[in-house]
Structures are given as structure tokens and as C-alpha cells.
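Below is one structure; the comments refer to it alone.
In the working numbering, the protein residues as written are 73 to 387.
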């Protein structure tokens, strides 16, 4: 038999070619893990590594203005200092007031606005644009705008309140410890309640109208329909919106930094602002990292407790 009767031998590169390997792997159950691998690597590089590094930093001595101290491990030194730090406890209490009050007002106003816009009355589209407009403003712009409007010398809000007789004189809202936090909460509510409005409006579009027609036939009023139909059907959306806003309020000190810088007298000092000041004013990144870890743990506990109590994962 001639040599031409036998097929040429396959080289090792042909037997293990990338195309052949991909075609064989695509038929196995490991294919989906390979498809997720690029995303997993990206999340590890962008999210997981900085998070772990930040936690590690909280156990080290990291003071940029004191290089003589080095970067040795100090274990729980920063956390022990935190327990004896009165500013930490003041910041923790102010954070609870800041987050709770802002979320409650934003949710209530956002719910009312969403219910009103969902009625499709004449002019609601134009009104929806006006309502959503504050949320599109950057925090820096919103903060400086409200600081100017509430200015004790030339603020338009003080002028209006004095002209209508509600105030006897111009008031420095952000310089008074009794009104600084309340004024900042009002500014935050004005800026962020459209977030709830937008999500609740999207949820309202998904509620079948037959439920409301059946409720009308049974004699249920508007409040009963809200309590028995609307709010239960929006439970998942409300839970997601509340958790996202709590995370945003706890982690973002920018609005308070612009309006009050934590003052007067620590009356508006919150944990995120305290951590920011420790890192970029005192250059104590170790203690700032410990404060950040505490905020991270508190947010995780809140999210777990809220989901468990609201029972959104049982639907």
C-alpha cells in the first residue's frame, strides 16, 4: 500500500487548538463559569480588592503627617480608641437622626408625588419634569444654592419669612445648633425625594388596574386601596429604594460638608463626614479606615434586618 493511502498525522497543535477546546468546553457545564470569569475578575479588581485593602488599613498605623510612626500592625488600637471617642458617639447619633428623618420625609413626599403623577391628569408630564429636576442637580450645586437661599444676610427664604411675619429677623439657619440639622435634612429631602418618586411611579405602572376595580366594587376607599393593594404590591420596590438611599446617606458627606462642615459644635457631624475629616484633614487614614469599616458593618446589618423584617424575600 502506498504512503498516500494513510492520512497525514495530526500535529499536537491541531489536537489542542483553541477552537477545538472552546467547542468541547461549550458542551460542558463549566462553560457558564468561564463566561462569568471576566466579570468576576473585574469585580475583584474594582470592588473586592479596595474593600479588603480598606479593612486591612484599619488595623495599621497609617498617618501621612507622621511617617516616623511607620505602618506597623496595631490590630484593634483604632477600634479601642473609637469606643472612648466622644465625637464618634456624637457622629453615630447624628447619623441615625440624619438617615431616619431624611428617609421618612423622602419616602412620604415621594409616595404622594408618585400617586399624584400616576393619575395622568392634564399637565402631569410637565409637573413630573419639575419634580424630578432637583434629583438631577449635583450635590455641590444643590448645597451651594440652598446655602445662598438660607443666607442670614441676603437669603431669599429669610426675606420671605420676614415679609410674611413668620420671622421677626433674619436667621442663620446653619449657624444655630438647634436648626442646623433640621435645615440640612430639608435640603436633603428636597434634593432626593424624586428618587422615591421615580421608582414608585415605575412600580405603580405594574399594578393591574383590575385590582382597583374589584376594590371599588367591594366598597374600598382610596386609603384602604393604598393600604391593602398599593403598598403591598410596592413592597419590593420600596425595600430596594430604602436600602439604596440609606447606603447613599450614610456614605456621602458632601451635602453636609458644603452646608455645615459638621458644625456648629458637632451638631451635624455624621460618621462619613468624620471619616472624611480624619483622612483628608488629619491624614489619619488608619482611624478613618476603622470608621469606614464600622459604617460598612452597620449598613450590612441594616440591610439584613430590613429585608428580614419586611419579608420581601418571602414573596
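Beta carbons: idealized from backbone N, C-alpha and C, even for Gly.
Between residue i and residue j, what straight-line distance do the alpha-carbon atoms span, to the nearest angstrom?
i: residue 73; j: residue 100; result: In this prediction, residue 73 has a pLDDT of 47, which is less than 50 and means its spatial position is unreliable; what the coordinates show is noted afterwards. Computed Cα separation, rounded: 41 Å.
i: residue 228; j: residue 155; result: 43 Å
i: residue 13; j: residue 330; result: Past the boundaries of the shown model lies residue 13; the chain is included only from 73 to 387, so the question cannot be answered.
i: residue 198; j: residue 302; result: 24 Å
i: residue 30; j: residue 376; result: Only positions 73 to 387 of the chain appear in the structure, and residue 30 is not among them; the question remains open.
i: residue 174; j: residue 140; result: 43 Å
i: residue 85; j: residue 308; result: Because residue 85 sits at a pLDDT of 46, beneath the cut-off of 50, its placement in the model cannot be relied upon, and the following sentence gives the value as read from the coordinates. One C-alpha to the other measures close to 54 Å.
i: residue 119; j: residue 222; result: 39 Å
i: residue 342; j: residue 176; result: 18 Å
i: residue 165; j: residue 115; result: 33 Å
i: residue 286; j: residue 317; result: 34 Å
i: residue 279; j: residue 205; result: 26 Å
i: residue 352; j: residue 196; result: 45 Å
i: residue 121; j: residue 135; result: 21 Å
i: residue 282; j: residue 299; result: 16 Å
i: residue 110; j: residue 365; result: 28 Å
i: residue 194; j: residue 105; result: 52 Å
i: residue 254; j: residue 207; result: 20 Å
i: residue 138; j: residue 203; result: 49 Å
i: residue 304; j: residue 113; result: 39 Å
i: residue 236; j: residue 258; result: 20 Å
Taking its Cβ as the centre, do 16 or more other Cβ atoms sit within 10 Å of residue i, making it buried, or is it exposed?
i: residue 226; result: exposed
i: residue 332; result: buried
i: residue 306; result: buried
i: residue 252; result: buried
i: residue 294; result: exposed
i: residue 348; result: buried
i: residue 245; result: buried
i: residue 230; result: buried
i: residue 369; result: exposed
i: residue 160; result: buried
Are the beta-carbon atoms belonging to residue i and residue j less than 7 Å from one another?
i: residue 130; j: residue 346; result: no
i: residue 219; j: residue 263; result: no
i: residue 339; j: residue 249; result: yes
i: residue 133; j: residue 124; result: no
i: residue 171; j: residue 321; result: yes
i: residue 47; j: residue 319; result: The requested residue 47 does not occur in the structure, where the chain is confined to residues 73 to 387.
i: residue 328; j: residue 256; result: yes
i: residue 273; j: residue 188; result: no
i: residue 150; j: residue 334; result: no
i: residue 190; j: residue 276; result: yes
i: residue 270; j: residue 313; result: no
i: residue 239; j: residue 233; result: yes
Whose C-beta lies closer than 6 Å to the C-beta of residue i among residues of the same chain, with five residues either side of it excluded?
i: residue 361; result: 126, 129, 130
i: residue 242; result: 224, 230
Counting only the same chain and skipping the five closest in sequence on each side, list residues whose C-beta sits under 7 Å from that of residue i.
i: residue 311; result: 378, 379, 382, 384
i: residue 284; result: 297, 301
i: residue 350; result: 356, 359, 360, 363
i: residue 200; result: 189
i: residue 315; result: 375, 378
Shorter than 6 Å, the distance from the beta carbon of residue i to the closest heavy atom of the ligand SAH, or not?
i: residue 116; result: Summarising the ligand content, the structure contains no ligands, and the ligand SAH is consequently not present.
With a CB to CB cut of under 8 Å and the five nearest residues on each side skipped, what residues in its chain are close to residue i?
i: residue 344; result: 167, 322, 323, 324, 325, 367
i: residue 373; result: none
i: residue 144; result: 132, 133
i: residue 152; result: none
i: residue 337; result: 249
i: residue 209; result: 217, 263
With a cut-off of 7 Å, does the C-beta of residue i fall near any C-beta of chain B?
i: residue 101; result: Any reference to chain B falls outside this structure, which holds one protein chain only.
>> Closer than 8 Å is the cut-off here; do at least three beta carbon pairs connect the stretch 202–216 with the stretch 249–268?
In response: Yes, the stretch 202–216 touches the stretch 249–268.
> Any chance the stretch 264–280 sits against the stretch 170–187, with 3 or more Cβ pairs inside 8 Å?
Replying inline: The answer is yes - the stretch 170–187 touches the stretch 264–280, with three or more Cβ pairs under 8 Å.
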